[in-house]
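Below you'll find the structure, written out as structure tokens, and then a few comments.
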Amino acid sequence: MAAPGENLKINGSRLWDSIMEMAKIGPGIAGGNNRQTLTDDDAAGRALFQSWCEAAGMTMGVDQIGNMFAYREGTDPDALPVYAGSHLDTQPTGGKYDGVLGVLGALEAVRSMNDLGIKTKHPIVVVNWTNEEGTRFAPAMLASGVFAGKHELDWAFDRVDAEGKKFGDELERIGWKGEEEVGARKIHALFELHIEQGPILEAEGIDIGVVTHGQGLRWIECTVTGKESHTGSTPMPMRLNAGRGLARITELVHEIAMKHQPNSVGAIGHIDVYPNSRNIIPGKVVFTVDFRSHVQDIIDAMLEEFYARAPGLCEEIGVSLETEIVGSFDPPAFDENCVSAVRAAAERLGYSHIDIVSGAGHDACWINDVAPTSMVMCPCVDGLSHNEAEDISPEWAEAGANVLFHAVLETAEIVE
1 MAAPGENLKI
11 NGSRLWDSIM
21 EMAKIGPGIA
31 GGNNRQTLTD
41 DDAAGRALFQ
51 SWCEAAGMTM
61 GVDQIGNMFA
71 YREGTDPDAL
81 PVYAGSHLDT
91 QPTGGKYDGV
101 LGVLGALEAV
111 RSMNDLGIKT
121 KHPIVVVNWT
131 NEEGTRFAPA
141 MLASGVFAGK
151 HELDWAFDRV
161 DAEGKKFGDE
171 LERIGWKGEE
181 EVGARKIHAL
191 FELHIEQGPI
201 LEAEGIDIGV
211 VTHGQGLRWI
221 ECTVTGKESH
231 TGSTPMPMRL
241 NAGRGLARIT
251 ELVHEIAMKH
261 QPNSVGAIGH
271 IDVYPNSRNI
281 IPGKVVFTVD
291 FRSHVQDIID
301 AMLEEFYARA
311 PGLCEEIGVS
321 LETEIVGSFD
331 PPAFDENCVS
341 AVRAAAERLG
351 YSHIDIVSGA
361 GHDACWINDV
371 APTSMVMCPC
381 VDGLSHNEAE
391 DISPEWAEAG
401 ANVLFHAVLE
411 TAEIVE
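Numbering of the sequence shown is given in this note's numbering, commencing with residue 1 and proceeding in unit increments.
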């Protein structure tokens, strides 16, 4: 297939303007965004995205879990579409670029095709996946996981948020539950543009990360149970402090991850303490352990050590431990042809680039199981993400979108 000419570029200023316009929906309190999944702000962001897609001549499809698919026709009605996109939902204190750059970068690729009069053999589909973040409804990448056959649709609909609201009910409430069967679509290839969410590209002065692998992860929800009692009147030897169990396991998780450097990470993020009162010793603590690596054997080894040691650490201080896996996916190796298309695009356009492993999970990691997939990454300031201070430059956004543009064009096959 013919490679796109190096003079083909997206409209960087239009892309940046679109990102800033989307950021007005669900503004955060410190310059970022709070556009959590299936909220009214999520619905408003979806509506704006749809209006832009329709203005670009695309038709919108929505499946039963709310995934949005904007379709641009190809010249061959039998050719499978090339997909590009990411997600529009954010963390409660999220940035303006995580996910959004990938969706709007893909939209800008189609807009630029229109401007330049480019036709492709394969159709192009710009996708917005539902609930990538997983912050309101666990697990992360929920809808792409259903699409890829990793989760059952009814199970996804039954996920609840902190207020007990069900995912399925909220999807219907905001008006974005479609009729299309989830996972029925066939994909020729999928590309996802994303900020790195790590410090490597910026620290090394590199324009583009060519993502060859993703990290696998295991989320272990832990419940440590002790006994609530008065902090002032309960003798120290008689305390059954669930908070001590959390502390011991926090150190254990760090120790286990450090044994497997440089190819693993581990931490405890989400924590709920009960009754969470200043003068009551915690009777129960619920928290989530997050282990990640791009090497499956390392994930297995970390889990094995955790399960061998964590219960004993709790038993020693008289508290109990219950665990449940609430998030899980194995480390993906992205498709060699798609990776090559990204690498060739960066070289053709004169951008510096390195191969990189994604430290975060992405929808592309699930779709990789059902279609050829790869990712493009651009730098972000200080590697900061999932934070309202998340920042990138217009030049970084434009470079990433140009590489996405070329990789999609090469794979979709330009028709002369």
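All residues carry an ideal CB built from backbone N, CA and C; glycine is no exception.
For Gly216, the pairing in a beta bridge is given by DSSP as Ser293.
Counting only unbroken stretches of 4 or more residues, the alpha helix (DSSP H) elements lying wholly within the stretch 67-119 are 100-116, in sequence order. Cβ contact annotation for Asn241 (same chain, cutoff 8 Å, sequence separation greater than five): Gly226, Ile281, Pro282, Ile317 and Val319, in chain order.
Taking 8 Å as the cut-off, the Cβ atoms of Val376 and Ile124 do not count as close.
Residue environment analysis places Tyr307 among the exposed positions, since fewer than 16 neighbouring C-beta atoms fall within 10 angstroms of its C-beta.
When the Cα atoms are used, Val211 and Glu196 turn out to be separated by approximately 10 Å. With fewer than three CB-CB distances shorter than 8 Å, the stretch 75-95 does not count as touching the stretch 6-13. Runs of the beta strand (DSSP E) lying entirely within the stretch 249-329, each at least 3 residues long, are 264-274, 284-293 and 320-329 in chain order.
Nearest C-alpha to Val342 among Tyr97, Gly245 and Ile356: Ile356. In the DSSP annotation of this structure, His151 is not part of any beta strand (DSSP E), being labelled neither H nor E. In terms of CA proximity to Glu170, Asn131 leads the group Asn131, Pro311 and Met141. Apart from the 5 residues on each side of it in sequence, Gly383 sits with its Cβ closer than 6 Å to the Cβ of Gly198 and Pro199 in its chain, given in chain order.
Annotation: the continuous alpha helix (DSSP H) that includes Ala23 extends over Gly12 to Ala23. Distance from Asn67 to Ala148 at the Cβ level is roughly 11 Å; contact not present, criterion being Cβ atoms closer than 8 Å.
Secondary structure at Ile354: strand, using DSSP grouped into helix, strand and coil. It is roughly 6 Å from the alpha-carbon of Lys177 to the alpha-carbon of Ile65.
Taking a 10 Å sphere around the C-beta of Trp396, we find 16 or more other C-beta atoms and assign the residue as buried. For Pro27, the beta-bridge partners assigned by DSSP are Asn33. Assignment of Ile124 by DSSP, reduced to helix, strand and coil, places it in the strand class.
Residue Ala407 holds the alpha-carbon nearest to the alpha-carbon of Ala106 among Ala407, Val415 and Glu413. The stretch 284-301 makes contact with the stretch 328-336, as at least three CB pairs between them are under 8 Å. Ala138 is classed as buried because its beta carbon has at least 16 other beta carbons within 10 Å across all chains shown.
Residue environment analysis places Ala257 among the buried positions, since at least 16 neighbouring C-beta atoms fall within 10 angstroms of its C-beta.
Between the alpha carbons of Asp42 and Pro235 lies a gap of roughly 50 Å.
Restricting attention to Glu228, His188 and Phe291, the CA atom closest to the CA of Glu221 is found in Phe291. Residue pairing for Ala189: DSSP places it in a beta bridge opposite Val82. Note that the C-beta distance between Thr135 and Gly28 is not below 8 Å.
According to DSSP, His230 shares a beta bridge with Ile280.
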